[in-house]
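A.B. asks:
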Amino acid sequence: MDGTGSTRRRFIGGAAAVAATAGTAALGGPAAAAAPRTGPTGAGRARGSAAPAVAVLGGGVAGLTAAHELAERGFRVTVYEKKAPGGKARSMDVPGSARGGRKPLPGEHGFRFIPGFYRNLPDTLRRIPFPGNANGCHGNLVASTEVMLARIGHEDIRLPFRSVGKPPPLLTPDALRRALTGFLDAFGNIPVHETAYFVSRLLVWLTSCDERRTGQWERTPWWEFIRAARMSPNYQRLLAIGITRNIVATKAEVASTKTVSTCIEAFLFNALGRGADGEPDRVLDAPTNEAWIDPWVAHLRSLGVTFEIGSAVRDLRIAGGRITEAVLQDPSGAKRSVTADHFVSAMPVEHARTTWNAQVRAADPQLARCDKLQTDWMTGIQFYLTEPTPILHGHVNHIDSPWSITSVGQAQYWSKRDFRADYGDGAAADCLSVDVSEWDKPGILYGKTAKQCTREEVAREVWAQMKAGLNDTGRTVLSDAKIHSWFLDPAVEIGGPRPVNDEQLLIHPTGTWHNRPSARTAIPNLFLCGDYVATDIDLATMEGANASARAAVNALLDETGSRAGRCTITPLYRAPELELPRADDAIRHGLGLPNAFDLG
């Protein structure tokens, strides 16, 4: 079967349904524009040898963003990074894979995904020069056009995934109800009354005031909010478990409704053309380091940023109420101290909090609350194939896979690259990049959790789970014979008694928001940034890391009394049409009443 005839797959015009059902009222207000960018220079900009020195501890997206903003404002910046610039966002060479003058095969922690509702990270991308691109590295973004929910033993769902092409009509609650119902109809196999109920719950969220969101809904699990326990298995699988485990990387039974709904709201407005930088699903047109990280590092060096790679931060020492030095340790175990006027901690939370000793924690209680933040494993594996294997021009959510797998065929986007000619040994022609979000449930091949498997068993199990969802239609989508090789993130150490993952992901069970710190600490020369620091996106993302770094730099500028322009921080889009119902809900919330759309 060629996959286009009488299979169990179907292509449904989800985005078209949104456009068709959004209503026909007069157009609402335009999308909220980003605040005008204030230039980094000014009479207060520090220059020359007198410029304050800043130690940026961590070279991931947060650390590089902080370094970028500080260097543009004349600070002397040194980035200290344990592994390599880019952190979890970087791509990496597969050892020993290059032949005949080609580059090594590109591996990575996990595939890059840059939604259109990101606004701060795209601004940074535009400011990183890239040869031939007027918009810098932003010009290396390529839009996907579709998404698939691959089911095991069920009909797969293939949807267009793009904006509707023009600003939608006025977004009244009734128009939103029709738009959401039209989109969810595309999922199929969910009873009509359950779809209507789910839409009503989203309307509750969309019209909830901020106080209710950060209070009631932050403490309510997503599973409970959408009443999943009383619904059909398809409702539970598609709308409860699938959304949380594969996107937010946490379990529906404990995931914060605030976090999940914030993500859904952002995607919804993005699809409706409101307040977006671009299409809902964008990827890079080359391996991440080629398209983004390497040009970024080169640009930062041109601005005077110094990089020291290979040592881990072990401690921050405090005296007189200020951080006086950071203690670093190299791979041999040797320790040394580095000093600076200011310190920006840009490490992931599981590493940052190990550097906060008792005195540092005593100086700022919010640091101790970070111990309550939880991380989990969401780690990538790449399969290199001997033939181009187009599955979908977008991401595949293997929604029934025990290990909560998502995947994307990358080489199809690398139009300026010839994969076979440019990478590896000349035999690999494609790269299928896969994220594994569940490492604690048994698989279908060995009956073991991913943490219990060897690296070889993980590769075989992931491949088997993908085949179970894609090869169940009478057509062989994935063929064992096409596997050239695979690469599993080296941060993962498994197969022994104590599995280790050095690069984990913040997850969002209920209550997480209240334990996330601000960028500014009570220690006047210590600032925090990273995807765990509180930002309005409320999700561990590159956008959150970028926005938090901007907040950290602004706090540093305020502390030093600098007259340099502050970093622009663009918030998530808010539909002006919903401000009135939100204001009404603020009154109801203050009176102890439920949201007007909350019928239980």
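Heads up, the sequence shown is in UniProt numbering, so the first residue is 1 and it goes up one at a time.
All residues carry an ideal CB built from backbone N, CA and C; glycine is no exception.
(1) Between the alpha carbons of ALA551 and HIS589, how many angstroms are there, rounded?
(2) Identify, in the order they occur along the chain, each residue of the same chain with its Cβ nearer than 8 angstroms to the Cβ of ALA411, setting aside the five sequence neighbours on each side.
(3) Could you give the first and the last residue of the continuous beta strand (DSSP E) run that contains ARG219?
(4) Quick one: grab the DSSP three-state call for ARG582.
(5) Exposed or buried, which one is GLY100 when buried takes at least 16 other CB atoms within 10 Å?
(6) Cβ of SER256 within 8 angstroms of Cβ of PRO509?
(7) Tell me whether VAL192 is buried or exposed, calling it buried when 16 or more other Cβ atoms sit within 10 Å of its Cβ.
(8) I need the straight-line Cα distance from THR38 to LEU202, nearest angstrom please.
(9) If we ignore side chains and look at the alpha-carbon of each, how far apart do LEU316 and HIS138 end up?
(10) What residue range is occupied by the uninterrupted alpha helix (DSSP H) comprising GLU108?
(11) Taking only three categories from DSSP, how would you classify GLN359?
(12) Mind checking ARG301: buried by the 16 CB within 10 Å criterion, or exposed?
(13) Identify whether HIS393 lies in helix, strand or coil by the three-state DSSP scheme.
(14) Please determine, among LYS372, GLU108, GLU69, the residue with the shortest C-alpha to C-alpha distance to THR512.
(15) Using only the alpha-carbon positions, how far apart do GLN382 and ARG237 sit?
(16) I'd like to check one pair, GLY74 with ALA51: are the Cβ atoms closer than 8 angstroms?
(17) For GLY48, which residues from the same chain have a beta carbon less than 7 angstroms from its beta carbon, with the 5 sequence-adjacent residues on both sides left out?
(18) What residue from THR339, ALA450, ARG516 has the CA that sits closest to VAL56's CA?
(19) Given a cut-off of 8 angstroms, decide if ILE152 and GLY469 are closer than it, judged by their beta-carbon atoms.
(20) Tell me which residue opens and which closes the alpha helix (DSSP H) that SER181 is part of.
(21) When you compare only the Cα positions, how much space is there between ILE190 and HIS514?
(22) What residue does the beta strand (DSSP E) around LYS335 start on, and which one ends it?
(23) Starting from PHE527, trace the beta strand (DSSP E) in both directions and tell me its first and last residue.
(24) Span of the beta strand (DSSP E) holding SER433?
(25) Report yes if the CB atom of THR145 is closer than 8 angstroms to the CB atom of PRO160, and no otherwise.
(26) Could you give the distance in angstroms between the alpha-carbon of SER200 and the alpha-carbon of PHE597?
(27) Hey, how far is the Cα of THR61 from the Cα of GLY530?
(28) Around the C-beta of GLY14, are 16 or more other C-beta atoms found within 10 angstroms, so that it is buried, or is it exposed?
(29) Bridge partners of ARG322, per DSSP?
(30) To the nearest angstrom, report how far apart GLU108 and GLY424 are at their CA atoms.
(31) Nearest CA to the CA of ALA53: which residue from GLY96, PRO581, LEU526?
(32) Please check the pair ARG102 and GLY426, which I expect to be a contact at CB under 8 angstroms, by giving their CB distance rounded to whole angstroms.
(33) Hey, is the stretch 537 to 550 in contact with the stretch 111 to 125, meaning 3+ C-beta pairs nearer than 8 angstroms?
(34) Should ASN397 and MET148 be called a contact, given that it needs their Cβ atoms to be closer than 8 angstroms?
(35) Straight-line CA distance for ILE587 to THR259?
(36) In chain order, what residues of the same chain lie with their CB nearer than 6 angstroms to the CB of ALA459, ignoring the 5 residues before and after it?
C.D. replies: If we stick to the structure as given:
(1) 30 angstroms
(2) Excluding sequence neighbours, ALA411 sits near PRO388, ARG417, PHE419, ALA429, ASP430, CYS431.
(3) According to the DSSP assignment, ARG219 belongs to no beta strand (DSSP E), since it is labelled neither H nor E.
(4) helix
(5) exposed
(6) It is a contact, given that the beta carbons lie within the stated cut-off.
(7) exposed
(8) Legend: pLDDT at THR38 = 36, less than 50; position of this residue unreliable, value from coordinates given subsequently. In this structure, the straight-line span from the alpha carbon of THR38 to that of LEU202 is close to 36 angstroms.
(9) The alpha-carbon atoms of LEU316 and HIS138 are separated by roughly 36 angstroms.
(10) Per DSSP, GLU108 belongs to no alpha helix (DSSP H); it is in the beta strand (DSSP E), 106 to 108.
(11) helix
(12) exposed
(13) coil
(14) LYS372
(15) 26 angstroms
(16) yes
(17) With a pLDDT of only 42 at GLY48, under the threshold of 50, the placement of this residue in the model should not be trusted; the figure read from the coordinates follows. The answer is none, since no qualifying residue turns up.
(18) THR339
(19) Cβ atoms of GLY469 and ILE152: closer than 8 angstroms.
(20) It is Thr, not Ser, that sits at residue 181 in the sequence shown. Looking at the DSSP string, the run of the alpha helix (DSSP H) that includes THR181 is 173 to 185.
(21) 35 angstroms
(22) Per DSSP, LYS335 belongs to the beta strand (DSSP E) from 335 to 338.
(23) 526 to 528
(24) 430 to 436
(25) At a Cβ-Cβ threshold of 8 angstroms, THR145 and PRO160 count as neighbours.
(26) 7 angstroms
(27) Residue identity check: residue 61 is Val in the sequence provided, not Thr. Cα-Cα distance, rounded: 8 angstroms.
(28) Low confidence applies here, because GLY14 scores a pLDDT of 42, under 50, leaving its location unreliable; read the following figure in that light. Classification of GLY14: buried, given that the 10 Å Cβ count is 16 or more.
(29) Bridge partners of ARG322: ALA319.
(30) 15 angstroms
(31) LEU526
(32) 7 angstroms
(33) As far as the Cβ criterion goes, the stretch 537 to 550 touches the stretch 111 to 125, which means the pair count is three or higher.
(34) yes
(35) 23 angstroms
(36) TRP486
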